[in-house]
Amino acid sequence: MRVVIAEDLALLREGLVALLRENDIEVVAQVEDGPGLLRAIAGHKPDLVIVDVRLPPTYSDEGLLAAIEARRRQPRLGVLVLSQYVETAYASELIGEDTAGIGYLLKERVGDVRAFLDALHRVADGGTVLDRQVVSELLAPRDGATEALSGLTARERDVLALMAEGRSNTAIAESLVVTPGAVEKHITNIFAKLDLPACDDDHRRVLAVLAYLRVAR
Amino acid sequence: MDERARLSVELSHARGAVSRRWMPTLAAGLSIGEYARSLERRLALLAAVLLAAIWALSGRGYFWPGWAWLGLGVVVLLDYAAGWAWRQPRGAVRRVASVWTLVGVAAVILLATWLLTWLLAGVHQFWPAWALLGLATTGSGYSLIALHDRVLVARGRRALRARIDMLTHTRRQAMDAQAAELRRIERDLHDGAQARLVALTLQLGRAEMRASDQPEVRQLIADAQREARHAIAELRDLARGIVPPLLADRGLAAAVESLAARYGLGTSIEVDTNRPLAPAIESAAYFVIAEALTNTAKHAAAQRSWVALREEHRTLMVLVGDDGRGGADPDGSGLAGLRARVEALDGSLRVASPVGGGTIVEVSLPCG
Numbered sequence: 000m001r002v003v004i005a006e007d008l009a010l011l012r013e014g015l016v017a018l019l020r021e022n023d024i025e026v027v028a029q030v031e032d033g034p035g036l037l038r039a040i041a042g043h044k045p046d047l048v049i050v051d052v053r054l055p056p057t058y059s060d061e062g063l064l065a066a067i068e069a070r071r072r073q074p075r076l077g078v079l080v081l082s083q084y085v086e087t088a089y090a091s092e093l094i095g096e097d098t099a100g101i102g103y104l105l106k107e108r109v110g111d112v113r114a115f116l117d118a119l120h121r122v123a124d125g126g127t128v129l130d131r132q133v134v135s136e137l138l139a140p141r142d143g144a145t146e147a148l149s150g151l152t153a154r155e156r157d158v159l160a161l162m163a164e165g166r167s168n169t170a171i172a173e174s175l176v177v178t179p180g181a182v183e184k185h186i187t188n189i190f191a192k193l194d195l196p197a198c199d200d201d202h203r204r205v206l207a208v209l210a211y212l213r214v215a216r
Numbered sequence: 000m001d002e003r004a005r006l007s008v009e010l011s012h013a014r015g016a017v018s019r020r021w022m023p024t025l026a027a028g029l030s031i032g033e034y035a036r037s038l039e040r041r042l043a044l045l046a047a048v049l050l051a052a053i054w055a056l057s058g059r060g061y062f063w064p065g066w067a068w069l070g071l072g073v074v075v076l077l078d079y080a081a082g083w084a085w086r087q088p089r090g091a092v093r094r095v096a097s098v099w100t101l102v103g104v105a106a107v108i109l110l111a112t113w114l115l116t117w118l119l120a121g122v123h124q125f126w127p128a129w130a131l132l133g134l135a136t137t138g139s140g141y142s143l144i145a146l147h148d149r150v151l152v153a154r155g156r157r158a159l160r161a162r163i164d165m166l167t168h169t170r171r172q173a174m175d176a177q178a179a180e181l182r183r184i185e186r187d188l189h190d191g192a193q194a195r196l197v198a199l200t201l202q203l204g205r206a207e208m209r210a211s212d213q214p215e216v217r218q219l220i221a222d223a224q225r226e227a228r229h230a231i232a233e234l235r236d237l238a239r240g241i242v243p244p245l246l247a248d249r250g251l252a253a254a255v256e257s258l259a260a261r262y263g264l265g266t267s268i269e270v271d272t273n274r275p276l277a278p279a280i281e282s283a284a285y286f287v288i289a290e291a292l293t294n295t296a297k298h299a300a301a302q303r304s305w306v307a308l309r310e311e312h313r314t315l316m317v318l319v320g321d322d323g324r325g326g327a328d329p330d331g332s333g334l335a336g337l338r339a340r341v342e343a344l345d346g347s348l349r350v351a352s353p354v355g356g357g358t359i360v361e362v363s364l365p366c367g
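Listed in order, the protein sequences are those of chains A and B.
Counting in numbering that gives the first Met the number 0, the first sequence runs from 0 upward without gaps.
Counting in numbering that gives the first Met the number 0, the second sequence runs from 0 upward without gaps.
Right, dumping it as structure tokens:
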């Protein structure tokens, strides 16, 4: 896997590079700002870019805008955006029309090295990874969604949140300490209650959940 | 035609006629004072001409009508000057004007008398000099004493106004500087301390992977990571409380939209301002909207909720309304704190919340 990293804090950037290299992931370029990122993807044709939302010179949302532009130029490019804070508005802008190969995580998730590497691979393979905080904000009770979501049991809501993060059945089962069979049953129930078309593929499942959540907003 | 209209037509006819008549009439619409003065001037002129004619017909000896002219002229002059003095503002100014009227008339009498003695009796010495000097000195002295106070008051008032202007200006600067400083702190928290802690958790994560065969070490590292995550979360909450990141990054409209989406009230948002606003104004408007929406979500049980932002005459108007149960306390602690914040920016905050009639919070913030 070939990766470009756009992060302005040298300490964090070097840590990421070291982590990826230790795990046999090739870092083809390290950049500090948005224009640098766009030049790097044109030159190196990476599989994945890891982008900090706030980059110089204004430290507002140039990273996000650069990531969206990078996706526009190379639609099959995996984009993992890291942010110091969660903003559902940013998540929906990033996702746009196509959720394939998109990730949006809080920065501190890099500390959980295994989960972070797993997320990297899933995004590079065209999957979707949303931070659980984004998911919980999307799942927060509100007018449109409350009615349908209130029909779900607490356990079903947990499963739905993990599904929206892009986890597989096995990963959900591990995380909730239940059998994969139990997870499958929950998922069947959720899809029935939310009136969503049932499907097995993790990625299409995320799409269905996101579509539902976005309509409900 | 009604009575009043007919009267005004008659009066305007009479007014038109007055310029052709030699003597003024009360019917021309003049006030008693104007009529009297007009009559007096004409009579004085008539008398002067009449006396000169008598002098001419009676053998043109010593030119005594000169003295009569002086007498008549002084009366007319006094009348004019007194009228002028009376039109001055009440108090010291009018008193000073009256004194100068008398001084002026006295000076005219002296000069005219001297002119007549010179012309008629051949007195060459300028005898009124000392009298005129005395009059001028007395008038000036009186003016100085009478207006002294006034000059001082005016100067004091000017100084006060300048001080208010300066205080308003510096207070605004202080508010802007504070808001800018808070944004800087928010950025420093996110991009400084928080980012370093993230780098720390990453290094700890790498260390943990290498220590996979030493469970005790892994446990220690996991504990350290948990602490670091808590610190990061605390810093994030702290920064969000100072300035919401979306407000700092994208401005008021985007921040309000995100806020409304979070409350899920189906709030309709109308934004009619695209100029970047001062950070202090944006923050105040944002926190007012946040508080009002919180109250709506908590207490109002509303069907509809709306936010309107627009700029009118260099003032940012913020309206937050709902159609809920109303009855909000305009002096409740949340709103009182916001009112203080808004008033510090020379703005105002009004709350209308009749029981059963919804709640409207209206804020105006001058944003010159």
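Ideal Cβ positions, reconstructed from N, Cα and C, are used throughout, including at glycine.
Straight-line CA distance for residue i to residue j?
i	j	result
Val-80/A	Leu-159/B	56 Å
Val-128/A	Gly-357/B	42 Å
Ala-172/A	Ala-299/B	41 Å
Gly-240/B	Val-152/B	49 Å
Gln-177/B	Pro-278/B	9 Å
Asp-330/B	Gly-263/B	26 Å
Ala-433/B	Glu-6/A	The structure shown does not extend to residue 433/B, since chain B spans only 0 to 367, so no value can be given for it.
Gly-82/B	Leu-134/B	21 Å
Leu-110/B	Ala-47/B	19 Å
Leu-114/B	Ala-55/B	21 Å
Ala-90/A	Arg-166/A	17 Å
Met-0/A	Ile-40/A	14 Å
Thr-57/A	His-43/A	26 Å
Ala-123/A	Gly-100/A	6 Å
Arg-349/B	Gly-250/B	24 Å
Arg-157/B	Ala-84/B	27 Å
Leu-45/B	Leu-69/B	14 Å
Output yes or no for whether 9 Å exceeds the beta carbon distance between residue i and residue j.
i	j	result
Val-341/B	Leu-364/B	yes
Asp-97/A	Gln-224/B	no
Val-360/B	Leu-334/B	yes
Leu-151/A	Lys-106/A	no
Ala-368/B	Leu-196/B	Missing from the structure shown is residue 368/B; chain B here goes from 0 to 367 and no further.
Leu-258/B	Leu-237/B	no
Ala-194/B	Gln-83/A	yes
Val-208/A	Leu-195/A	yes
Ile-49/A	Leu-119/A	yes
His-123/B	Trp-117/B	yes
Arg-171/B	Val-242/B	no
Ala-120/B	Thr-100/B	no
His-189/B	Arg-235/B	yes
Leu-337/B	Glu-281/B	no
From the options, pick the residue whose C-alpha is nearest to that of residue i; which is it?
i	options	result
Val-78/A	Thr-87/A, Leu-93/A and Ser-59/A	Leu-93/A
Val-92/B	Leu-119/B, Pro-127/B, Ile-144/B and Ile-359/B	Ile-144/B
Leu-138/A	Asp-157/A, Arg-121/A, Val-122/A and Lys-106/A	Asp-157/A
Arg-53/A	Val-30/A, Ala-181/A, Lys-44/A and Ser-149/A	Val-30/A
Ser-149/A	Pro-56/A, Ala-28/A, Ile-189/A and Glu-86/A	Ile-189/A
Asp-117/A	Lys-184/A, Leu-19/A, Ile-4/A and Gly-62/A	Leu-19/A
Tyr-285/B	Leu-318/B, Ser-267/B and Arg-274/B	Leu-318/B
Ala-69/A	Leu-47/A, Thr-57/A and Glu-25/A	Leu-47/A
Gly-138/B	Ser-97/B, Val-122/B and Leu-44/B	Ser-97/B
Leu-369/B	Glu-207/B, Pro-244/B and Leu-71/B	Missing from the structure shown is residue 369/B; chain B here goes from 0 to 367 and no further.
Gly-323/B	Pro-353/B, Ser-332/B, Thr-314/B and Gly-346/B	Pro-353/B
Val-287/B	Leu-315/B, Ile-53/B, Arg-274/B and Arg-303/B	Leu-315/B
Ser-135/A	His-185/A, Ala-163/A, Arg-121/A and Arg-154/A	Ala-163/A
Ala-283/B	Thr-295/B, Ser-304/B and Ala-254/B	Ala-254/B
Met-208/B	Leu-161/A, Val-176/A, Leu-104/A and Glu-21/A	Glu-21/A
Gly-103/B	Ala-296/B, Phe-125/B and Asp-78/B	Asp-78/B
When you measure from the CB of residue i to every non-hydrogen atom of the ligand SAH, does any distance come out below 8 Å?
i	result
Ser-37/B	Among the components of this structure there are no ligands whatsoever, and the ligand SAH is therefore not found.
Residues in the stretch 236-266 of chain B having any Cβ partner in chain A nearer than 8 Å: Ala-238, Arg-239, Pro-244, Leu-245, Ala-247, Asp-248, Arg-249, Ala-253, Glu-256, Ser-257, Ala-260, Arg-261, Tyr-262, Gly-263, Leu-264 and Gly-265
Entirely enclosed alpha helix (DSSP H) segments - the stretch 324-351 of chain B, minimum 4 residues: 332-342
Within the stretch 85-133 of chain A, ranges of the alpha helix (DSSP H) (whole runs, at least 4 residues): 87-94 and 112-123
Residue ranges of each beta strand (DSSP E) within the stretch 47-83 of chain A, 3 or longer: 47-51 and 77-82
Residues from the stretch 56-71 of chain A in contact with chain B, defined by Cβ distance under 7 Å: Tyr-58, Ser-59 and Asp-60
Against chain A: residues of the stretch 178-189 of chain B by CB proximity under 9 Å: Arg-186, Leu-188 and His-189
Start-end ranges of the beta strand (DSSP E) lying completely within the stretch 230-259 of chain B, minimum 3 residues: none
Proximal residues, the stretch 86-105 of chain A versus chain B, C-beta separation under 9 Å: Glu-86, Thr-87, Ala-88, Tyr-89 and Leu-105
Complete alpha helix (DSSP H) runs within the stretch 131-164 of chain B (minimum length 4 residues, chain order): none
Interface positions of the stretch 148-162 of chain A facing chain B (Cβ-Cβ less than 9 Å), listed along the chain: none
Short-range partners of chain B found in the stretch 162-187 of chain A, where Cβ spacing is below 7 Å: none
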